[in-house]
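So the sequence shown is residues 2 to 305, counted in the numbering used here. Glycine residues also receive a C-beta, built at the ideal position from the N, C-alpha and C atoms.
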Amino acid sequence: MMDGLLNLWKPPGMTSHDVVSAVRRLTGQRRVGHAGTLDPMAEGVLVVGIGQGTRLLEYLMDGTKEYCARIHLGVTTDTDDSEGTIVSTTDVRHFRRPTIERVLASFVGQQEQLPPTYTALKKAGQPAYRLARSGLTVERTTRHIEIVSIRLVCWQYPHIVCLVTCSKGTYIRALARDVGERLGCGAHLCGLIRLRSGMFSLDDAVPLPLLEHALANGYWHQLIYPLDAAVEDRPAVILGTEDVHRLRQGQDIFLAAQPTAETISRQPWRAYSTQGELIALIVALDRPGYWHADKVFALQVADC
């Protein structure tokens, strides 16, 4: 059995679900999932959880993302990317770099973003893109996001290339659309690479062929991150045998550690055995000093 996280390099042309299916096929594991969907045209970091790693993907969703985006100015499409149908065109030869930089800088900060019409967000139990392709009107609601930084790398007619650091839930397709609207010319996303998702970067991302080779030749364990990589920023405690047993039995435990602002807000702590095994994620209860297991992990047997 494999339990952990993979930092995979998703190639363009595959959906995130395609990558999950490929990992299931290659590893023989049924429990496989991913953190943070990438559109089929996009490539780059896709964090995949295997086995018990799927239970920790929710903590990776909140991480800051970094992208390299290529935006085609002067052309709008119905999907806000190059896979859609062209809706309008405008001449953009007159634009100069300072103008583009000013507009990009205006997007930095917290804001409400309207998702694209074609998304995997579900409406009435159906993905929005499926409803839109059926000719139905899709009502969209804005999402609260944050653009931490955005920097123009290159302006070469008719494309701009920029580096974007943003919060979870940000649609770079929608950002490209909005940049075009603010410039008054329209735009769409024509290329996207996710450079980083939380602690996972493109420098360490593994292509699927390398994963396949590692599995076939027995060195896959060198590519997989341990479970606690998803929560390494959380405080940690080491428990004695009795407390480990109590957690595994679903019982509360008492610790000398006192609740702080972080524990009161129910942010989980990591709990380890004296052998260094991640036993559980625990949260502080209202009773001072008492903790409850939010997630308990099964014993991980080392591979021979």
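{"Query": "Output the distance between the C-alpha atoms of Thr28 and Gly219, rounded to the nearest integer angstrom.", "Result": "11 Å"}
{"Query": "Work out the CA separation of Pro236 and Asp287 for me, nearest whole Å.", "Result": "18 Å"}
{"Query": "Which residues does DSSP pair with Glu147 in a beta bridge?", "Result": "Gln111"}
{"Query": "In the DSSP assignment, find the beta strand (DSSP E) that holds Val21 and state where it starts and stops.", "Result": "Element bounds for Val21: not the beta strand (DSSP E) but the alpha helix (DSSP H), Ser17 to Thr28."}
{"Query": "Helix or strand or just coil, what does DSSP make of Asp204?", "Result": "helix"}
{"Query": "In the DSSP assignment, find the unbroken alpha helix (DSSP H) run with Gly37 in it and report its ends.", "Result": "Run containing Gly37: none; DSSP gives neither H nor E here."}
{"Query": "Return helix, strand or coil for Lys123, following the three-state DSSP convention.", "Result": "Low confidence applies here, because Lys123 scores a pLDDT of 42, under 50, leaving its location unreliable and the question unanswered by this model."}
{"Query": "Gln252 to Glu243, Cα distance in whole Å?", "Result": "11 Å"}
{"Query": "So, with DSSP's three-state summary, where would you put Thr100?", "Result": "helix"}
{"Query": "May I ask you to report which of helix, strand or coil DSSP gives Glu278?", "Result": "coil"}
{"Query": "Going by alpha carbons, who is nearest to Tyr273 out of Ala257, Val245 and Tyr60?", "Result": "Val245"}
{"Query": "Could you pull out every unbroken alpha helix (DSSP H) segment of at least 4 residues lying fully inside the region 211-272, listed in chain order?", "Result": "242-249 and 262-265"}
{"Query": "What is the rounded straight-line gap between the Cα of Asp304 and the Cα of Pro227?", "Result": "Unreliable placement is indicated for Asp304, whose pLDDT of 42 sits below 50; no coordinate value is reported for it."}
{"Query": "Counting only the same chain and skipping the five closest in sequence on each side, list residues whose C-beta sits under 7 Å from that of Gln53.", "Result": "Asp4, Leu228, Phe298 and Ala299"}
{"Query": "How many Å lie between Pro289 and Ala36 at the Cα?", "Result": "34 Å"}
{"Query": "Locate the beta strand (DSSP E) running through Arg71, then write down its first and last residues.", "Result": "Lys66 to Leu74"}
{"Query": "Once DSSP output is grouped into helix, strand and coil, what is the label at Tyr291?", "Result": "strand"}
{"Query": "Please check the pair Gly187 and Val76, which I expect to be a contact at CB under 8 Å, by giving their CB distance rounded to whole angstroms.", "Result": "7 Å"}
{"Query": "Say whether the region 7-19 touches the region 153-166, bearing in mind that this needs 3 or more beta-carbon pairs closer than 8 Å, one atom from each stretch.", "Result": "no"}
{"Query": "Under the three-state reduction of DSSP, which class applies to Arg1: helix, strand or coil?", "Result": "A question about residue 1 goes unanswered here, because the residues of the chain that appear run from 2 up to 305."}
{"Query": "If you check the beta carbons only, do Ser202 and Lys66 fall under 7 Å apart?", "Result": "no"}
{"Query": "In whole angstroms, what is the alpha-carbon distance linking Leu137 and Leu184?", "Result": "The predicted model places Leu137 with a pLDDT of 45, which falls under 50 and marks its position as unreliable; any figure quoted below should be read in that light. Taking the straight line from one Cα to the other gives about 30 Å."}
{"Query": "If the criterion is Cβ atoms closer than 7 Å, does the pair Ile87 and Leu190 meet it?", "Result": "no"}
{"Query": "Give the C-beta separation of Ile173 and Leu193 to the nearest angstrom, bearing in mind that I take them to be a contact with Cβ-Cβ under 8 Å.", "Result": "6 Å"}
{"Query": "Secondary structure at Ala47, three-state DSSP: helix, strand or coil?", "Result": "First, the residue type needs correcting, since residue 47 is Leu and not Ala in the sequence shown. Strand at Leu47."}
{"Query": "When you compare each of Thr100, Leu279 and Leu74 to Ser89 by their alpha carbons, which one comes out closest?", "Result": "Leu74"}
{"Query": "Report the rounded CA-to-CA distance for Arg131 versus Gln276, giving the unit in angstroms.", "Result": "Because the pLDDT at Arg131 is just 43, under 50, the model does not fix this residue reliably, and the point stays unresolved."}
{"Query": "State the start and end residues of the unbroken alpha helix (DSSP H) segment that holds Leu61.", "Result": "Leu58 to Met62"}
{"Query": "Would you decide whether Pro116 is buried or exposed? Buried here means 16 or more other CB atoms lie within 10 Å of its CB.", "Result": "buried"}
{"Query": "Could you compute how far the alpha carbon of Thr16 sits from the alpha carbon of Asp40?", "Result": "6 Å"}
{"Query": "Around the Cβ of Lys123, are there at least 16 other Cβ atoms within 10 angstroms (buried) or fewer (exposed)?", "Result": "A caution first: Lys123 carries a pLDDT of 42, below 50, which makes its placement in the model unreliable, though a value can still be read off. Looking at its Cβ environment, which holds fewer than 16 other Cβ atoms inside 10 Å, Lys123 is exposed."}
{"Query": "Taking all protein chains shown into account, do 16 or more other C-beta atoms lie within 10 angstroms of the C-beta of Thr142, making it buried, or fewer, making it exposed?", "Result": "exposed"}
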